[in-house]
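Asks: Sending over a structure as structure tokens; questions will come in a sec.
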Amino acid sequence: MSQGSPLDTRRAGLLLHPTSLPGGYENGDLGPEAYRFVEFMAACGFTVWQTLPLTPPHADLSPYAAQSVHAGNPRLIALEPLVEAGWLSADGGPQPGEDGWRYRQRRLNEARQGFQQAAWIQGEYEEFLRQRGDWLEDYALYQAIRNHRQQAAWFDWPPELRDRHPEALAAVRAQFGEAMAQCRFEQFLFYRQWAELKRYANARGILIFGDIPLFVGYDSADVWARRDCFLLNEEGRPEVVAGVPPDYFSETGQLWGNPHYAWEAMKADGFQWWKARIRTQLSQFDLLRIDHFRGLESYWEIPADAETAVVGRWVAAPGDELFHALRAEFGRLPLVAEDLGIITPEVEALRDAHGLPGMKVLHFAFGGDAENLYLPHHHLHNSVVYTGTHDNNTTLGWLEELDEPTRDHLFEYLGGDPARMPELLVRTALASVARLAVVPLQDVLALGGEDRMNQPGVADGNWRWRFRWDQVGSGVAGHYRHLLSLYGRI
Numbered sequence: 000m001s002q003g004s005p006l007d008t009r010r011a012g013l014l015l016h017p018t019s020l021p022g023g024y025e026n027g028d029l030g031p032e033a034y035r036f037v038e039f040m041a042a043c044g045f046t047v048w049q050t051l052p053l054t055p056p057h058a059d060l061s062p063y064a065a066q067s068v069h070a071g072n073p074r075l076i077a078l079e080p081l082v083e084a085g086w087l088s089a090d091g092g093p094q095p096g097e098d099g100w101r102y103r104q105r106r107l108n109e110a111r112q113g114f115q116q117a118a119w120i121q122g123e124y125e126e127f128l129r130q131r132g133d134w135l136e137d138y139a140l141y142q143a144i145r146n147h148r149q150q151a152a153w154f155d156w157p158p159e160l161r162d163r164h165p166e167a168l169a170a171v172r173a174q175f176g177e178a179m180a181q182c183r184f185e186q187f188l189f190y191r192q193w194a195e196l197k198r199y200a201n202a203r204g205i206l207i208f209g210d211i212p213l214f215v216g217y218d219s220a221d222v223w224a225r226r227d228c229f230l231l232n233e234e235g236r237p238e239v240v241a242g243v244p245p246d247y248f249s250e251t252g253q254l255w256g257n258p259h260y261a262w263e264a265m266k267a268d269g270f271q272w273w274k275a276r277i278r279t280q281l282s283q284f285d286l287l288r289i290d291h292f293r294g295l296e297s298y299w300e301i302p303a304d305a306e307t308a309v310v311g312r313w314v315a316a317p318g319d320e321l322f323h324a325l326r327a328e329f330g331r332l333p334l335v336a337e338d339l340g341i342i343t344p345e346v347e348a349l350r351d352a353h354g355l356p357g358m359k360v361l362h363f364a365f366g367g368d369a370e371n372l373y374l375p376h377h378h379l380h381n382s383v384v385y386t387g388t389h390d391n392n393t394t395l396g397w398l399e400e401l402d403e404p405t406r407d408h409l410f411e412y413l414g415g416d417p418a419r420m421p422e423l424l425v426r427t428a429l430a431s432v433a434r435l436a437v438v439p440l441q442d443v444l445a446l447g448g449e450d451r452m453n454q455p456g457v458a459d460g461n462w463r464w465r466f467r468w469d470q471v472g473s474g475v476a477g478h479y480r481h482l483l484s485l486y487g488r489i
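0 is the number of the first residue of the sequence shown in numbering that gives the first Met the number 0; add one for each residue after it.
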């Protein structure tokens with residue numbers, strides 16, 4: 000990338016979703032363990048933390064089909080700062096039979112009572128509401144209705160709520176004003192805690208690398224509030240949905256179910272919906288990955304009643320026009336293109352026309368011949384190299400699953416001993432000419448497949464992995480500082 004961009008020099012980063020941190024209740028959060036992790040990264044010499052999306056998930060906990068593209072995940076709100084502020088009293092944790100999320104919810108409700116008595120913070124809160132009101136009011140309304148209706152999706156609500164009749168929405172605002180106020184308060188807490196953590200990381204030379212899922216969750220405040228931006232019928236139902244054809248991850252493709260964009264309508268108003276989305280992300284992150292970038296050149300359109308993603312077709316998308324509009328609004332954008340999967344010359348041309356780094360994943364490099372573009376001798380400066388991503392197995396888990404020819408190719412190419420894995424592959428990533436090398440924390444800690452974060456195409460059991468500090472040996476920070484120095488990434 001050009002001078003002045005986040006990748007103007009060689010860097011190394013760690014990939015870890017904040018829910019995978021120790022501490023907190025049921026999942027990691029933005030409390031003391033997040034700051035300890037930043038200090039660990041700084042001690043190692045890593046200068047990029049790739050966090051993945053921080054948006055509020057559904058029950059499957061995946062942030063890639065979230066309830067809002069703007070809102071923060073309230074599960075990440077730490078309770079310790081609320082005690083320190085005097086809005087909460089310390090207690091002994093969840094009551095018998097109370098799970099971590101319900102406990103956190105209860106405590107957040109208690110904290111708002113204390114917050115309302117703190118005059119010193121009210122001006123900051125009012126400014127937050129003013130700055131975020133363009134999406135926050137719809138999100139708070141969506142959450143109030145959804146919670147009242149036992150988490151029913153918006154497209155299953157009564158027609159007057161589903162279709163946003165003004166009288167019906169006014170009645171909801173009057174009935175559920177407290178619930179909406181609680182939602183606004185929680186978003187204020189998330190944004191405030193995230194901004195403090197980001198400042199702490201930036202002060203230690205660490206950039207925060209976020210993620211923009213290309214598609215939006217169907218059951219989300221965004222789709223409910225802006226149905227005109229999506230391909231839906233009069234009842235809010237999609238006739239076509241998003242996914243990908245058969246690929247490395249699945250023989251039948253991936254049927255995601257997200258609605259497709261109404262691109263013509265978006266173009267007509269100068270892509271205002273996208274500009275608002277990017278504005279939010281730029282307020283949270285120093286660098287952004289566009290997940291499923293190829294969908295901005297053309298996307299896989301699947302009939303909504305299909306059972307798998309095999310049946311579908313490619314449809315052109317106005318990615319070039321979108322990027323020109325975004326650059327006119329924001330200038331040069333700190334974006335990385337997730338260009339994995341079925342990549343055509345047209346997708347590469349779109350990526351290169353806008354100077355976006357692509358991705359190189361070493362788990363995809365072996366088992367073929369020397370022409371495989373993921374092999375290190377094909378890497379480019381303007382790219383980001385990974386051992387694996389959050390969608391891959393850990394490197395040790397991947398190694399166990401390799402067939403013999405792929406395994407032979409791997410070690411013949413690397414010229415090392417299998418006993419040196421996963422560090423052998425980590426060193427290969429660090430040695431790459433790619434400006435940024437990102438390593439999942441599992442590979443730094445040499446963890447096996449049981450510590451995998453996500454398995455695409457599998458509905459249950461993902462996004463629950465957490466690391467423990469006793470898995471981090473006393474010499475890890477010094478060792479990695481040596482490695483990053485050796486490969487010119489400090």
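All C-beta atoms, glycine included, are put in the ideal place defined by N, C-alpha and C. For clarity, every value in this text was computed on a predicted model and none was experimentally measured.
(1) Label G460 either buried or exposed according to how many other C-beta atoms from any shown protein chain fall within 10 Å of its C-beta, with 16 as the threshold for buried.
(2) Identify the residues that DSSP records as bridge partners of L334: which are they?
(3) Under DSSP, the alpha helix (DSSP H) around G396 begins and ends at which residues?
(4) What residue does the alpha helix (DSSP H) around P439 start on, and which one ends it?
(5) For S484, name the three-state secondary structure that DSSP assigns.
(6) Report the three-state DSSP secondary structure of L231 (helix, strand or coil).
(7) Looking at V384 and H378, is the spacing between their C-beta atoms short of 9 angstroms?
(8) According to DSSP, E300 sits in a beta bridge with which residue or residues?
(9) Excluding the five sequence neighbours on either side, which residues of its own chain have a C-beta within less than 7 angstroms of the C-beta of V243, listed in chain order?
(10) In this structure, what does DSSP give as the bridge partners for Y385?
(11) In terms of alpha-carbon separation, which member of T54, A58 and L75 lies closest to S65?
(12) Does the beta-carbon distance from R111 to A180 come in below 9 angstroms?
(13) Can you grab the Cα-Cα spacing for the pair D304 / R312, in whole Å?
(14) I believe Q186 touches L107 by the beta-carbon criterion, under 8 angstroms. Please report the beta-carbon distance rounded to the nearest angstrom.
(15) Expressed to the nearest angstrom, what Euclidean distance is found between the alpha-carbon atoms of F270 and P52?
(16) So, does the segment 94-106 touch the segment 159-166, judging by three or more C-beta pairs under 8 angstroms?
(17) To the nearest angstrom, report how far apart P439 and L409 are at their CA atoms.
(18) Report yes or no: do three or more beta-carbon pairs, one from the segment 17-35 and one from the segment 76-87, lie closer than 8 angstroms?
(19) Mapping DSSP to helix, strand and coil, what is A220?
(20) Please check the pair P258 and F229, which I expect to be a contact at CB under 8 angstroms, by giving their CB distance rounded to whole angstroms.
(21) Hey, would you say L334 sits closer than 9 angstroms to L355, going by beta carbons?
(22) Which residues does DSSP list as the beta-bridge partners of Q49?
(23) Who are the near neighbours of S1 in its chain, counting only those whose CB is closer than 8 angstroms to its CB and skipping five residues on each side?
(24) Are the CB atoms of L140 and V443 within a distance shorter than 9 angstroms?
(25) According to DSSP, is P404 helix, strand or coil?
(26) Based on the DSSP secondary-structure assignment, which residues constitute the bridge partners of D469?
(27) Give me the DSSP bridge partner(s) of Q174.
(28) Whose C-alpha, out of V346, R148, E337 and I342, is nearest the C-alpha of D319?
(29) For T427 and G99, what's the separation of their Cα atoms in angstroms?
(30) As a quick exercise: from D246, K197, G92 and Y260, pick the residue whose alpha carbon is nearest that of V222.
(31) List the DSSP bridge partners of L409.
(32) Note down, in chain order, each residue of its chain lying with its Cβ closer than 6 angstroms to the Cβ of T18, except the 5 sequence neighbours on either side.
(33) Where does Q66 sit, in a helix, a strand or coil, going by DSSP?
(34) Verify whether the separation of the beta carbon atoms of V425 and L485 is less than 9 angstroms.
(35) When DSSP labels each residue in this structure, what does S1 get in the three-state scheme?
Replies: The structure says:
(1) exposed
(2) L287
(3) T394 to E400
(4) Counting along the chain, P439 falls outside any alpha helix (DSSP H), though it belongs to the beta strand (DSSP E) covering L435 to P439.
(5) helix
(6) strand
(7) yes
(8) A241 and R312
(9) G252, Q253, W299, A308 and G340
(10) V360 and V437
(11) Reading off the sequence shown, one finds Ala at residue 65, where the question assumed Ser. The shortest Cα separation from A65 among T54, A58 and L75 belongs to T54.
(12) yes
(13) The alpha-carbon atoms of D304 and R312 are separated by roughly 14 angstroms.
(14) Rounded, the Cβ-Cβ distance is 11 angstroms, inconsistent with contact.
(15) 22 angstroms
(16) no
(17) 19 angstroms
(18) yes
(19) helix
(20) Right, their Cβ atoms sit about 4 angstroms apart.
(21) In contact: L334 and L355 (Cβ atoms closer than 9 angstroms).
(22) L14 and F208
(23) With a pLDDT of 40 at S1, under the threshold of 50, the modelled position of that residue is not reliable, and the figure given next carries that caveat. D7, R331 and G354, listed in sequence order.
(24) no
(25) helix
(26) Answer is none; D469 lacks a bridge partner.
(27) None; Q174 has no bridge partner.
(28) V346
(29) Approximately 40 angstroms between the Cα atoms of the pair.
(30) Checking every option, the nearest Cα to that of V222 belongs to Y260.
(31) DSSP, once it has assigned bridges, lists no residue as partnering L409.
(32) N26 and G27
(33) Q66 falls in the coil class under three-state DSSP.
(34) no
(35) Since pLDDT at S1 reaches only 40, below the 50 mark, its modelled position is unreliable, and the value read off the structure follows with that caveat. DSSP places S1 in coil when its eight states are reduced to three.
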